[in-house]
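Student: Residue numbers (our numbering), protein chains in the order written: chain A, 1 to 507; chain B, 1 to 173; chain C, 1 to 704; chain D, 1 to 101.
Don't be surprised by glycine CBs; every beta carbon is placed ideally from N, CA and C.
I have a structure here, written as structure tokens, and I will follow up with some questions on it.
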């Protein structure tokens, strides 16, 4: 198949068609702009489903490969190399799903410079999907950096009062980490003679101590993006200042770029270093889980609360990844999706109330369940999913992650101590504390504030925005088999390297 | 002196004379008419040199269209003489000196540096050389792209002229 | 899967319905209930519960017909990762059927009762639209409880485990705008959920260990492997059982995690009856009984469990003595009785524990529902009295001076026996059953536990016996304070009996509480044999001890003495309005301790809650924000960068580079000033220079 | 028998120098223009002469192009002359020095 008709090219670049159309629409025709953007993103979602239909879940290798020479500099070839496998397919679907949902959520929230907003948003989608699909380090790096620009403007133009500060901070932090990664990429490319990820993985043979340095360089970029404790300082700023749709995408997809990077590059490329670094990363992850949950609990701004909860949730994901066994890694991938759904939905819900009341201070609410029953019910379900109630998606992810981490904690296992999983499990309690506290502050208690008395419940558009997320929340919670089935062969392939170590620890 | 040479020298004298007259004449209309004469002689040279198509193009385009354009503009503006100007009075002698210098260099080349390119007999004429058909063959095959580009150039020139003249008029009002 | 799967068919294929019928009822009421009348909504919910009961009965009969052979009904693939394979599957055996019968049976009665109770409650609380929501939650609870008891694996049990916790949370906070400071109920809900979550983490850890030791979470496979594992690494099983105990202490309100249950009384009374007395809180007992093949392998864990149960039974009973809130008494009584059950299953007396679970479900549900009837009777009385006053004194302000009337405070009651006959009599039945007076159900079940304890664990036996004595005493105290003597408030004087829709379930439950002992009479041990099918499948010896007269006599005697004592303090001289509790005079600070729940809540607040809140504020405000966000990132990182930039700017840039640049610029400008003279602007000059250039170049070429 | 090529080249050179001198000495914009045309024609003459000399059609093709470009150039140039005249009522190049540095 040629370049343009290849499904992966189409799913990556189809938003650009929407951008092109938007360029020719008068900026005053806001509704037309919105519809064009929504249609484009829905078409992209359709294409991603088409990609999914062509995807063979039983095949652990990269599929739908498109590999064209791109830039040739002396003997180094940079390729346009894209492919999909079980590690990325779900995240692509998540990205293409969250984009139309976010666009729908901006229908009335964004009134200023709608055209620019939509253009940036669609460009962002191109970058995100590209990151998940690239199999060439250089191509990956380009998409990786490319996601920064639209997000920078989304925060910087449509954000809250402190938006410029937040946008610059977001940009600088991610940039700082990326530069180390770029150095590592160049080192790999020059030393190993290729930028091609599958080839590099197959080649192996990097000395262990050099692996560690490269691992650290890659990890610097990804850990900031995740963000792992203690590199999370940009997150509350960016989340609080970003417009709702920006927060949804930031939490739902952009943070996953970091965890996905660990899974796609760090672990397969530097397996020895991964084993050596696993306990360190697990310590940071566990601290992140507990610390994020505690800090979250003490917030007054509900959006900040949700933002810090991401630190906690992503701690679970990192813990699962570096359990380096199939339970942990599969749970981590599922938890990436879950976090995208739950936290995405929470940000949407926060945005909805913010649109009505123009405040996010939890003290300004209370007793909302009485005036907004539908809103209350949906928030309850999403909150429960976020804190991992069995039967909803969060539980499946957290449980399998902790199960994997516990397994990796066997004496002689990757982590070597049960304390990691044991302490991380306490995060389950702390999650209940901050989530219930939030729910109580917002929805329970008497309706004391007059401004809250006449709040309108969700309208059909808002419900439509949330329904796909709710359906998935229940689906993954009750019947996650298809999701695990898609990723299982690919994950087995990744963790096979580490199995000798892990199995040795089993009693 | 053969007939050819005679013809050449007569035409050359007319040509140089008309060129000089064009330069020296104070009246622009006369200048233009002398230039037409010069062009016609050059067209005859082309004929001598087996370029019938070019010769005709010279007559129709240069002597015809372009010079008519010149005359139009002169009519439009009016053939009045220019007032005496103090500026650049040294220009004329300097130009003369330089012109003579260049002439001297040219003479030097022609006489003292004869290279094969500018000396020797003309080769015998091949059949159909310079026929319009042959010219067209080269023009539309080998130089097809250049022809297209020239076409675009003319179009652009036309648009440019219209815009310029129109805007100039606008600015005035 | 084991061989049982092959026998699935016929009636057992109905097993999933016990979950789906209540769910269907819930969804129906959620979607369409808004347009239906209250009676219809309640009727549908009750019917769903009732139908579930019918299915449970059918399953029981089918099971009996095949001699208790357990059946596993597979339903749907769930989590399959590598070696980890857990499915949604339903396990029907005598133990799960027993639980189903109790849950659905008592649940149905409570549903019916609730139709009447909630009808009035929503009027009292001022939001009739919430009637529907109550039944939605109740049906959800039944479904979740069914998942808990019918699950085929620990993971599925855990789904129900947390699911019922969620329903408990929702129903405790049902009147979320009421309670202390308007937020008390919601906070009680939070407390219940969070404390339960602490236990749930124990469950999670138990499951992790289980999986990595056994390689499976399915009951059959775990129990099959257990003896083998115990032979090699018994420590793991000890760990698993202790982790599970943490879960049990959370869900079944044992020391140290019992604190949520008394607060849970903030929920409507039927909720207290169903969730916080009869069913959900017994899930821990069920879990231990279910895990019997594991517990029997590690006697050390068994001792710990038994001790926790015994201590809880004793400790909670002392607190119950000092309570004045009619529901709080019953709540602590529940904690205490749960202690009995946990102690029983801890000692390995699984049948006794389960038997007490069943009979307790009957009489405690009865007591709670009856207390609900009393409370509403008081409410009605208060309402009448209030209205009468409004007729008399029109301009009177809305009782702004007096504290709000508390219909649950026993000090406001008294003499209700005359005004609420049915309620009174059923209450007496419940109280006597609870106190363990023969031949009521409580006597047989409690006696069996004491009998086992006297054989197996003397410490626990003593603790339980004392607890039994206290039980009789506080129940006697309650009956006398509530029903006998003279009314101590105007509301009590005008209290009215509840409607038939409420009293009918009460009567049925009273009958069950009275005759419940027949299930497992010392001779035939019907119930024991019924459960043995399940336990013996895993080669557990279910030794049944012969009836022992001394034990029965001691406990009965103590119960009678307890009641007599209660009569001495509260019956002989009924309390007067505003009178101090006579026990205070006798016990002094001990009574205060009982009344203040031994300050456990305060201690927990001091030890855990406040430090956590403060620590999180310190983390959030100082560590994360001021130190890390503001100081480190703003001052250290950004600040030093700015300093560096300023240094570059003023020193390097302005000092050196600028000077060079300015010098270059000025020089250029001066040269340019002279060069510009050449630019005359005359096109002819330019042409001339061009021409000069041509001449010079040609000349250069020639002269070269 | 035939005219040697150097004659044509010499004539071409003379005409070219005359044109160039014309550009330099005349102040009338139109006559300057005409002088430029003269220079072009001088070059053309050389082209055609060499085409004959080398028996190659390329020279004539170039002349063709030069004529076409000259036509365009004249059109644009004259329109500029008109534009200048309209704004300044004068076509004396010595009055135009707004580019003076």
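Can you pull the DSSP bridge partners for residue 134 of chain A?
Tutor: Per DSSP, A:82.
Student: How many Å lie between residue 59 of chain D and residue 51 of chain D at the Cα?
Tutor: Looking at the two C-alpha atoms, the distance is approximately 5 Å.
Student: Drop a sphere of 10 angstroms on the beta-carbon of residue 320 of chain C, count the other beta-carbons inside from all chains shown, and report buried for 16 or more, exposed for fewer.
Tutor: Classification for residue 320 of chain C: buried.
Student: Cβ closer than 9 Å: which chain B residues qualify as neighbours of residue 18 of chain D?
Tutor: 16, 19, 20, 22, 23, 99, listed in chain order.
Student: Taking 8 Å as the CB-CB cut-off, is residue 144 of chain B touching chain D?
Tutor: Output row for residue 144 of chain B: interface = no.
Student: Can you grab the Cα-Cα spacing for the pair residue 411 of chain A / residue 212 of chain C, in whole Å?
Tutor: Approximately 12 Å between the Cα atoms of the pair.
Student: Determine the closest residue to residue 57 of chain C out of C:537, C:518, C:467, C:100, with distance taken between C-alpha atoms.
Tutor: Residue C:100 is the option with its Cα nearest to residue 57 of chain C.
Student: Would you check if there are 3 or more beta carbon pairs closer than 8 Å linking the stretch 516 to 527 of chain C to the stretch 358 to 371 of chain C?
Tutor: Judged by Cβ distances under 8 Å, the stretch 516 to 527 of chain C makes contact with the stretch 358 to 371 of chain C, as three or more pairs qualify.
Student: What residue ranges within the stretch 557 to 610 of chain C form continuous alpha helix (DSSP H) runs of no fewer than 4 residues, ordered along the chain?
Tutor: DSSP runs (the alpha helix (DSSP H)) wholly in the stretch 557 to 610 of chain C: 582 to 587, 589 to 595, 600 to 604.
Student: Pair every Cβ in the stretch 152 to 169 of chain C with every Cβ in the stretch 190 to 197 of chain C, then say whether three or more of these pairs are closer than 8 Å.
Tutor: Result yes; three or more Cβ-Cβ pairs closer than 8 Å.
Student: May I ask you to report which of helix, strand or coil DSSP gives residue 199 of chain A?
Tutor: DSSP places residue 199 of chain A in helix when its eight states are reduced to three.
Student: Name, please, each residue of chain C whose Cβ falls closer than 8 Å to the Cβ of residue 95 of chain B.
Tutor: Per Cβ cutoff of 8 Å: 688, 691.
Student: Taking a contact to mean a Cβ-Cβ separation below 8 Å, would you say residue 319 of chain A touches residue 405 of chain A in this structure?
Tutor: In this structure, residue 405 of chain A lies closer than 8 Å to residue 319 of chain A by Cβ.
Student: If you measure from the beta carbon of residue 39 of chain D to each beta carbon in chain B, is any gap under 8 Å?
Tutor: For residue 39 of chain D, the answer is no, since every Cβ of chain B falls outside 8 Å of its Cβ.
Student: Thinking residue 134 of chain A and residue 82 of chain A are a contact (beta carbons under 8 Å), I'd like their distance in whole angstroms, please.
Tutor: Contact holds; Cβ gap of about 6 Å.
Student: Could you check what DSSP says for residue 269 of chain C in three-state terms: helix, strand or coil?
Tutor: Residue state, collapsed to three classes: helix.
Student: For chain D, is any of its Cβ atoms less than 8 Å away from the one on residue 680 of chain C?
Tutor: By this cut-off, residue 680 of chain C is an interface position.
Student: By the three-class DSSP mapping on this structure, what secondary structure does residue 489 of chain C have?
Tutor: Coil.
Student: Give the DSSP bridge partners of residue 80 of chain C, in chain order.
Tutor: Bridge partners of residue 80 of chain C: C:85.
Student: Pairs of beta-carbons, one from the stretch 245 to 260 of chain C and one from the stretch 298 to 313 of chain C, closer than 8 Å: are there three or more?
Tutor: Contact holds: three or more Cβ-Cβ distances are below 8 Å.
Student: Going along the chain, which unbroken runs of the alpha helix (DSSP H) with 4 or more residues stay wholly within the stretch 267 to 349 of chain A?
Tutor: Correct list: 271 to 297, 302 to 321.
Student: Might you give, ordered along the chain, the residues of its own chain that have their beta carbon closer than 6 Å to the beta carbon of residue 583 of chain C, omitting 5 neighbours on each side?
Tutor: Hits under 6 Å: 591.
Student: Looking at chain B, is there any beta carbon in it that lies within less than 8 Å of the beta carbon of residue 111 of chain D?
Tutor: Residue 111 of chain D falls outside the range modelled here, since chain D spans only 1 to 101, and no answer is possible.
Student: Determine which residues share a DSSP beta bridge with residue 153 of chain C and list them.
Tutor: C:218.
Student: Of all the residues that make up the stretch 692 to 703 of chain C, which are near chain B by a beta-carbon distance shorter than 8 Å?
Tutor: So the close ones are 692, 694, 695, 698, 699, 702.
Student: Counting pairs of Cβ atoms below 8 Å between the stretch 475 to 488 of chain C and the stretch 338 to 345 of chain C, do you hit three or more?
Tutor: No, the stretch 475 to 488 of chain C does not touch the stretch 338 to 345 of chain C.
Student: With DSSP as the reference, label residue 76 of chain A as helix, strand or coil.
Tutor: In this structure, residue 76 of chain A counts as strand in the three-state DSSP scheme.
Student: Quick one: list the residues of chain A neighbouring residue 220 of chain C, beta-carbon separation under 9 Å, in chain order.
Tutor: Those within 9 Å of residue 220 of chain C in chain A number zero; the least Cβ separation is about 20 Å.
Student: According to DSSP, is residue 325 of chain C part of a helix, a strand, or is it coil?
Tutor: Here residue 325 of chain C sits in strand by DSSP.
Student: Output, in sequence order along the chain, the residues in the stretch 49 to 74 of chain C whose CB is closer than 8 Å to any CB in chain A.
Tutor: Under the 8 Å Cβ criterion, the stretch 49 to 74 of chain C contributes no residue.
Student: Please classify residue 156 of chain B as buried or exposed, where buried requires at least 16 other C-beta atoms within 10 Å of its C-beta.
Tutor: That one is exposed.
Student: Determine, using beta-carbon pairs with one atom in the stretch 8 to 18 of chain D and one in the stretch 673 to 693 of chain C, whether at least three such pairs fall under 8 Å.
Tutor: Too few Cβ pairs lie closer than 8 Å, so no.
Student: For residue 330 of chain A, which residues in the same chain have their Cβ closer than 7 Å to its Cβ, ignoring the five residues on either side in sequence?
Tutor: Here the set comprises 400, 484, 487, 488, 491.
Student: Please check the pair residue 31 of chain B and residue 34 of chain D, which I expect to be a contact at CB under 8 Å, by giving their CB distance rounded to whole angstroms.
Tutor: Yes, they are in contact, since the Cβ atoms of residue 31 of chain B and residue 34 of chain D sit about 6 Å apart, within 8 Å.
Student: Spell out a yes or no on whether the stretch 226 to 239 of chain C and the stretch 127 to 144 of chain C are touching, meaning 3 or more CB-CB pairs, one atom from each, closer than 8 Å.
Tutor: The stretch 226 to 239 of chain C is not in contact with the stretch 127 to 144 of chain C.
Student: Can you give the Cα-Cα distance for residue 526 of chain C and residue 114 of chain C, rounded to whole angstroms?
Tutor: If I take the Cα positions, the gap works out to 32 Å.
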